[in-house]
Every structure is written in C-alpha cells, then in structure tokens.
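What follows is one structure encoded as structure tokens, with my remarks underneath.
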Amino acid sequence: MASSSTGNSDGLQMLDSVRVIPPTDDPKWPLWRYVQKVAKTGGGKGGNAKIICRLCNRDVTGSYTRVKHHLLKMGNGVKPCPKVTIDVLVQLKSEQDKADASTKFAKL
Ligand SMILES: [Zn+2]
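Position 40 of the sequence shown, counted from 1, bears residue number 47 in my numbering, the numbering being contiguous throughout.
Structure representation (structure tokens):
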C-alpha cells in the first residue's frame with residue numbers, strides 16, 4: 008500500500024503511463040499489465056495471441072515466461088527490454104516477487 012511517489016524517476020513515470028490493468032487482471036501475473044495482447048487475425052491456426060511490450064513496442068509473443076524474461080531481463084534467449092532501466096527493473100521485480108509470494112501463500 009505504499010503510495011509515496013518520489014517523482015524523480017522518468018523510468019517509473021513511464022511505467023505508470025504504460026500500465027494498463029486488463030479486465031482479466033490476475034495478481035499472480037502482474038507483468039501482463041505492461042504488455043498488450045493482440046488477437047491474431049486471419050491465421051486460422053488458433054492458439055497464441057500476439058503479445059507486444061508496451062514499453063518498447065517489440066513483439067514478445069509467447070507465454071508469460073517470455074514476457075517476464077523480456078521485462079525482467081532474465082535472458083534465456085529472450086531479448087531484454089531496452090526501456091527497462093534499473094529503477095524500472097527494481098519496480099517490476101518487486102511486483103513479480105510479491106505475486107510469487109502471494110501465490111505461494113495461496114497454495115498453503
Ligand atoms: Zn519491451
């Protein structure tokens with residue numbers, strides 16, 4: 008519930024400006040808020056929606072894992088997001104950590 012804003016970080020302001028809480032928002036997967044799912048049209052194969060990073064507008068289509076690797080710069084063959092600065096990374100990591108922690112508690 009910390010609502011203090013330092014206001015000295017462009018990166019975090021950018022993060023706030025691109026954050027969109029989806030209608031299907033699930034606190035377990037906070038990073039969906041920073042990407043956009045684009046329904047595939049005309050493919051006919053069904054399956055994956057296209058996923059675009061809202062920060063850098065790159066295609067990160069795949070699973071949530073890929074989104075996570077992109078935004079948290081975890082590697083594993085996924086290009087890291089060029090827009091994620093240290094401040095942003097710390098923020099995103101803490102959101103993901105909280106989500107991981109709450110999922111663990113929920114399972115207990
Ligand atoms: Zn990106």
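The C-beta atom is built at its ideal place from N, Cα and C for all residues, glycine as well.
Treat the numbers as computed from the prediction; the structure is a model and nothing was measured.
Residue i, buried or exposed, once every other Cβ within 10 Å from all chains shown has been counted against 16
| i | result |
| --- | --- |
| V42 | buried |
| K75 | buried |
9 Å Cβ cutoff met for residue i and residue j
| i | j | result |
| --- | --- | --- |
| L99 | P37 | yes |
| K57 | K44 | yes |
| D94 | L19 | yes |
Span separating the alpha-carbon of residue i from that of residue j
| i | j | result |
| --- | --- | --- |
| S70 | V25 | 20 Å |
| M21 | T68 | 22 Å |
| P73 | G82 | Note on identity: in this sequence residue 73 is Arg, with Pro being the wrong assignment. One C-alpha to the other measures close to 9 Å. |
| A108 | D33 | 14 Å |
| T110 | D17 | 31 Å |
| F112 | D23 | 27 Å |
Cβ separation of residue i and residue j, assumed to be a contact under 8 Å, to the nearest whole Å
| i | j | result |
| --- | --- | --- |
| P29 | W39 | 6 Å |
>> Using a Cβ distance threshold of 8 Å, determine whether the region 62-72 contacts the region 86-99, with at least three qualifying pairs required.
In response: Output reads yes: the region 86-99 touches the region 62-72.
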